[in-house]
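Number of protein chains: 4
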Amino acid sequence: MPQHRKPIPSEIKNPKLVEERRRQIIRGAVDLFVRKGFHKTTTREIARECGFSIGTMYEYIQTKEDVLYLVCDDIHTELEKRLKEAVDEEATGRDNLVRAVAHHFRVMDEMSDYVLLIYQETKSLPKEALRYVLQKEEEITSLFERILEKGIADGTLHLEPSSVKLMAQQIMVMGQMWTFRRWALRKYYNLEEYIRLQTALLLRGLTTPTGGDCHDGNRGLPSQTCGAVRDGGQSV
Amino acid sequence: MPQHRKPIPSEIKNPKLVEERRRQIIRGAVDLFVRKGFHKTTTREIARECGFSIGTMYEYIQTKEDVLYLVCDDIHTELEKRLKEAVDEEATGRDNLVRAVAHHFRVMDEMSDYVLLIYQETKSLPKEALRYVLQKEEEITSLFERILEKGIADGTLHLEPSSVKLMAQQIMVMGQMWTFRRWALRKYYNLEEYIRLQTALLLRGLTTPTGGDCHDGNRGLPSQTCGAVRDGGQSV
Amino acid sequence: MPQHRKPIPSEIKNPKLVEERRRQIIRGAVDLFVRKGFHKTTTREIARECGFSIGTMYEYIQTKEDVLYLVCDDIHTELEKRLKEAVDEEATGRDNLVRAVAHHFRVMDEMSDYVLLIYQETKSLPKEALRYVLQKEEEITSLFERILEKGIADGTLHLEPSSVKLMAQQIMVMGQMWTFRRWALRKYYNLEEYIRLQTALLLRGLTTPTGGDCHDGNRGLPSQTCGAVRDGGQSV
Amino acid sequence: MPQHRKPIPSEIKNPKLVEERRRQIIRGAVDLFVRKGFHKTTTREIARECGFSIGTMYEYIQTKEDVLYLVCDDIHTELEKRLKEAVDEEATGRDNLVRAVAHHFRVMDEMSDYVLLIYQETKSLPKEALRYVLQKEEEITSLFERILEKGIADGTLHLEPSSVKLMAQQIMVMGQMWTFRRWALRKYYNLEEYIRLQTALLLRGLTTPTGGDCHDGNRGLPSQTCGAVRDGGQSV
DNA sequence: AATGAATGAGTGTTCATTCAT
DNA sequence: AATGAATGAACACTCATTCAT
């Protein structure tokens, strides 16, 4: 049930032009929002940054919040695009997961400012736009759900189906956490360490030993035996 | 090096009264901030909600941002107080962790709106207040660090010391996640399920099995062999 | 027709106390007014400077403007007192004038800040108080009128009676000018030079030669002979 | 080193319009300032008087103090322009002086309210604007310095060069005095009388007779002998 | 299609004054 | 007589939005 992008009305007839101008608006606004926040950025500043007049800007949007929506949507789209790059249809669920998680975290790192922006300003969106943006977030999350399901199906990941949604959310949050907790995390970890440790945490949670004798060894993971799994009464 | 609370100057001499009125301000403001956000709440609205005049309110604060600081600090203090309740000095690290995590998540659930508020409005604090608030957040986080360290010491948790910081952060975020992702999570899980599943994820990551031979391959994981586990230098 | 001091009502019965507290108020306010100006000084600041509460202060005045009135009146009284010191009942008008002018200018120099204050803030007084203050100013001015008249009478000053008022005003202004033009004057002159030059200007304007042969030498004055007087067709 | 006018930034791009609107602001504000003083005049009142909205007014200025600066500068400019009208390049220094003084006093009389305004409100200007305004005042004053110097050069005025600055200041103040002492002066003198008497005072101070021996004694003058005149080092 | 001047409701904040204690 | 907490009208200034050109 992918909801379609909320269309923003424009006075301008030529759709190509609308598209182009809106890209300019996004480019101009995003850095201002990152630097000063949505509320402390004025429409005049945005227009100036875009290189056209305030009147012209208002030909392509209706309210200041439209700009925020445009920006959030753009960031989400970029995020989705970049995340999709990492999905390898051929690979096992587990390999896919490991790769996608690492890729996801790296994207988060690169787009740190923008992810943070979404985090902090999404709440300022008008209701309808908010719904759309959250829906988009869920779509991205569902990419991880697909991967997890594949891993369950191909036996490379051990996970209750009922936990799929949660784990996908968890992965998303782990990525975002690298941005909104950077003030704390970066004191102790760099990106690669972060990727390794969080991946390990996930895999231990998701990789079930095969039982009996464990040909396992979540090596690199806090050593954990089959037994560990057993008593995992309340395990995932 | 716990930084001390930034004192907000007041025109009023009676400290008892200052204390009381500021509590009123917090009580009045917090719901407005939750409902409308900091920027869209007016100082006049806050004063009205508190039941006194705008002039009176300004006898107890200096700027609108002081109100935000008061509110954030109050929430943090409550959070810290409630979290400390759960720590049982007698119990093992592991039991303590399980109990503290569950407790933490329940507190987060109860204080959902307030946690969310902190999440969304912290960035609007003036620099100095922001530093203080983040410092407080770290203090709370360190409660989990203590627990984890105890678990390492008493052997009930298996975790590299270098991962303690990360795990503590992770636990904090998991709790907050229940608030800022509630729009997604509550569709599929209730609080108790959430507690169970997340605890499981953590424990699997932290509980060491007693041994066994492992034929494994943390495929996809940054290549590491069984041996790697043993000396698990930089592992979790 | 000396108008009597406008009485400021007070809640307090004991007149001694009223007198004492008002002196405190003047002492506290005057420096604040000098430093920040009347409008930018708050009643709270005044009370704090005086060492008592705002409530107490308002027991002794009715409005903030009363404080200004108190201050202006006090300065004027001091000015008058000091100027009177210089008047020598025995001396000739001319000697008296020279001495009084020098004394006046020195007083102005010492009380520079206060004179300036009167100059700049008098206009903020309520109508009635303004009238009183201006009247006081005229009384002071009339001290010079007396001296000039005496000089006419004893023949040491040559001046049309109709010019007495103007010259007295002129002398007053010359004194004040040393305060409100100090930004320019002090670049080129010190107080003693100023006194000498202005006195010379006045005396030349006021001193009539005895005619015929002049054994003169308005030494120190732009050399001027008896002839100068002659062509003084348009003289004062 | 004439300092250039401090430019006030404006949001409006069309400089012609800025010029025009600022003239409107000056016209609207000046009478209000004269009537009520700067501090008691509201920005809204100014805007209303100008015939546009408060928002529009703020497109052309940055702060209320800018309006004061605009007004002061305008008055000064007008003053300077009118004073220059009176300077006759051909005439002797003395004639020039007589004419310029009379003209200056007449201008002061006509612009009485505005001169008074400058006198009373200049101190409310922000530091930089104050510096500029004072500098302009000095430029105007220097017009009189020029005239005096010419008079010295062509022998029509007898004045020590070191007194030129003072006399120019004195002339300026005499003009302003007609405005800020009008409450006293107009009781006894009309403008023409004032001009005549003050001119006489000045000329006596400045006009040198052709010689002759004088038995005089500027008694009371800082003791100086005839000889003193001759070497009259520091004399006027 | 583009401009940018105009708008005015709304904002955070101040401060002279009052009055119950 | 002294206090100081309470008041709220008033203030300077901002800024999203409109609309005539």
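Residue numbers (full-length UniProt numbering), protein chains in the order written: chain W, 1 to 236; chain Y, 1 to 236; chain D, 1 to 236; chain C, 1 to 236. From the three backbone atoms N, C-alpha and C, an ideal C-beta is built for every residue, glycine too.
Partners in chain C for His39/D, counting only beta-carbon separations shorter than 7 angstroms: His39
Minimum Cβ-Cβ distance from Tyr132/C to chain D less than 9 angstroms: no
Sequence ranges, alpha helix (DSSP H) only - wholly within the stretch 155 to 209 of chain D, length at least 4: 164 to 180, 182 to 185, 191 to 206
Proximity of Tyr69/C and Lys6/C at Cβ, strictly below 9 angstroms: yes
Terminal residues of the alpha helix (DSSP H) in which Asn96/Y lies: 93 to 110
As assigned by DSSP and simplified to three states, the class of Val82/Y: The question names Val, but residue 82/Y in the sequence shown is Arg. DSSP places Arg82/Y in helix when its eight states are reduced to three.
Whole-number beta carbon distance between Trp178/D and Tyr194/D, since they are thought to touch under 8 angstroms: 6 angstroms
Buried/exposed call for His215/Y, threshold 16 Cβ in 10 Å: Interpretation of His215/Y is limited by its pLDDT of 34, a score under 50 that renders its predicted location unreliable; the figure taken from the coordinates is listed afterwards. Answer is exposed; the Cβ neighbour count stays below 16.
Of the residues Ala184/Y, His76/Y, Glu11/Y, the one placed nearest Leu134/Y, counting alpha carbons only: His76/Y
Collapsed DSSP secondary structure at Gln62/C in the structure displayed: coil
Cβ separation of Leu143/D and Leu83/D, assumed to be a contact under 8 angstroms, to the nearest whole Å: 6 angstroms
Interfacial residues, the stretch 59 to 92 of chain Y to chain W, with Cβ spacing under 9 angstroms: none
Given Asp31/C as reference, the closest of Leu17/C, Ala47/C, Arg106/C once Cα atoms are compared: Ala47/C
Within 9 angstroms, strictly: CB atoms of Cys72/Y and Ile140/Y: no
Cβ-based neighbour list, Ala102/W, same chain, cut-off 6 angstroms, excluding 5 preceding and 5 following: Ile195
Among Leu130/W, Arg204/W, Ala29/W, the one whose alpha carbon lies nearest that of Glu49/W: Ala29/W
Residue-chain proximity (Ser112/C, chain D), Cβ-Cβ < 9 angstroms: no
Gln120/C to Ile12/W span [Cα, whole Å]: 56 angstroms
Alpha-carbon spacing of Thr92/Y relative to Val107/W, whole angstroms: 39 angstroms
Cβ-based neighbour list, Arg94/C, same chain, cut-off 6 angstroms, excluding 5 preceding and 5 following: Gly151, Thr156, Leu157
Whether Met167/W touches Leu202/W by CB criterion (9 angstroms): yes
Minimum length 4: unbroken alpha helix (DSSP H) runs contained in the stretch 1 to 49 of chain Y: 15 to 36
Contact set between Glu145/Y and chain W, taken where Cβ atoms lie within less than 9 angstroms: By Cβ distance, chain W contributes nothing, its closest Cβ being about 11 angstroms from Glu145/Y, past 9 angstroms.
Euclidean distance between Cα positions of Ile61/C and Phe105/D: 42 angstroms
Three-way DSSP call (helix, strand, coil) for Gly53/C in this model: A small correction: the amino acid at residue 53/C is Ser; Gly does not occupy that position in the sequence shown. If DSSP states are grouped into helix, strand and coil, Ser53/C belongs with coil.
Own chain residues within Cβ distance below 6 angstroms of Ser10/D, not counting five before or after: Val18, Tyr60
Start and end residues, alpha helix (DSSP H) containing Ser142/C: 127 to 153
Buried or exposed (CB count within 10 angstroms, at least 16 for buried), Arg181/Y: buried
Which of helix, strand or coil DSSP assigns to Val67/C: helix
Cβ-Cβ separation, Glu65/C to Leu116/C (assumed contact under 8 angstroms), whole Å: With 8 angstroms as the limit, Leu116/C and Glu65/C do not qualify as a contact, their Cβ atoms being about 19 angstroms apart.
Close-in-space but distant-in-sequence residues of the same chain around Glu128/Y (CB under 7 angstroms, 5 per side omitted): Lys6
Local conformation of Glu89/Y per DSSP, three classes: coil
Spatially closest choice to Glu145/D from Asp113/D, Leu130/D, Val87/D, by CA coordinates: Val87/D
Environment of Asn96/D [buried if 16+ CB atoms lie within 10 Å]: buried
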